[in-house]
Amino acid sequence: MENNILQEIRDHFDGLDFDIKAETFAAGIKEFSDVSYSYSDYFKRRYSPDVSGIREDDVYKENIVVHLSRRGFYNIFPERFFHKTVGSTGFVNDMVNAYKNRKVEQEKAQKFFNPLEEEFFLHRVEVEREEDRIFESLGNSELVYFLSDLWEINSNIPHVMAGKILKAIPFMHKIAGNLTLIQQVLETIIEESLTITKTYTTIPNTHEHNNTLQLGVNLATATTGASYLPKYTFTINNIKNPEKIHDYLPKGQISLVMQYFLDHTMPLESDFEIDFTLPQKKQNFTLSDAIFAGRLGISSTI
């Protein structure tokens, strides 16, 4: 195998900052045909990712071997299936020879089961690829229309964003209640930057009084009661399209997307509201870009 291809696969793996499932990784490098998989590092699993290493094949240099820290048939079956029972001995040479023989038997057993293990693994990779194809098909306009009606997604929501919501629906059980995931998925759907602020809901005092009230004695201009119900404010920072500000207002497209998504992912006992901020340039009031071009009260009025 050419070094640049081996390096490309390693870069593909090293660029990940999480423990990726081996089937997902294999589905992502499907364009490389000379790749085999080996269940060889099971005892490293506690401190190693699912894909434990990518190396060149010792015999066939043109092939790449992806080592997985998974349990193979050798680790599943009883030890007596593969090794002879040897009595205890006090001689060092006998113990060394017994150890070497066991290593040879282990290597032969692993090589014997490797094609079968790889076949099972590649079958799961095909399942992963089929799932990818299903998710990709969710971008199809006809399917988006159908699933939008099925899931009662507001027809005013853009179909591009509706397609992204549909792709997230199978993972709602993981997203719901997880603020970090909610923020990441929402940022992907609306392609904006979000911040989440947590406060607590206040309950206004609406009691009616029949007695005489005196300000400062038994009356205040405003009273509210604090509660333990959390309230989350989702703020879109420096909206990217201020010229389409109506999309960020209530009943606007962006607001409808966030409202629908948060209705299905936020805890029932919590409250939330949606806010946005304008870019700094749009917050300033400028009469004209040219210096001294506008004079308030002479050539311009508010």
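If you read the sequence shown in the working numbering, its first letter stands for residue 851, the second for the next number, and so on. Note that the Cβ used here is the ideal one computed from N, Cα and C, for glycine as well. Given the structure is predicted, the values throughout are model-derived calculations rather than measurements.
Under the Cβ criterion (8 Å, minimum of three pairs), the segment 1085-1104 counts as touching the segment 1035-1049. When the alpha-carbon of K1014 is set against those of E986, T1127, A1026, T1030, the nearest one is in E986. Residue state for E912 is assigned as coil, using DSSP reduced to three classes. For the pair Y892 and R920, the CB atoms are nearer than the 8 Å cut-off.
Scanning its chain for C-beta atoms nearer than 8 Å, with the 5 sequence neighbours on each side dropped, one finds around I1039 the residues M1011, K1014, I1015, A1018, V1107, F1111, in chain order. Beta-bridge partners assigned by DSSP to I1086: L1044, F1126. CA-to-CA, the gap between H973 and A876 works out to about 11 Å. By the C-beta criterion, the segment 1093-1103 is judged not to be in contact with the segment 1116-1123, since fewer than 3 inter-stretch pairs fall below 8 Å.
A straight line joining the alpha-carbon of V946 with that of V915 spans about 30 Å. Taking C-alpha positions only, N913 is separated from I904 by approximately 11 Å. Cβ contact annotation for S998 (same chain, cutoff 6 Å, sequence separation greater than five): A1012, in chain order. When the five nearest sequence neighbours on each side are left out, the beta carbons in the same chain lying within less than 6 Å of the beta carbon of V994 are those of H1009, A1012, G1013, in order along the chain. Distance from the Cα of S898 is smallest, within the candidate group D908, H917, S886, for H917.
Between Y924 and F970, the C-beta gap is not smaller than 8 Å, which leaves the two residues out of contact. Annotation: the continuous beta strand (DSSP E) that includes S888 extends over 885-889.
Between the alpha carbons of I1053 and L1079 lies a distance of about 10 Å. Per DSSP, the unbroken beta strand (DSSP E) holding V901 starts and ends at 901-906.
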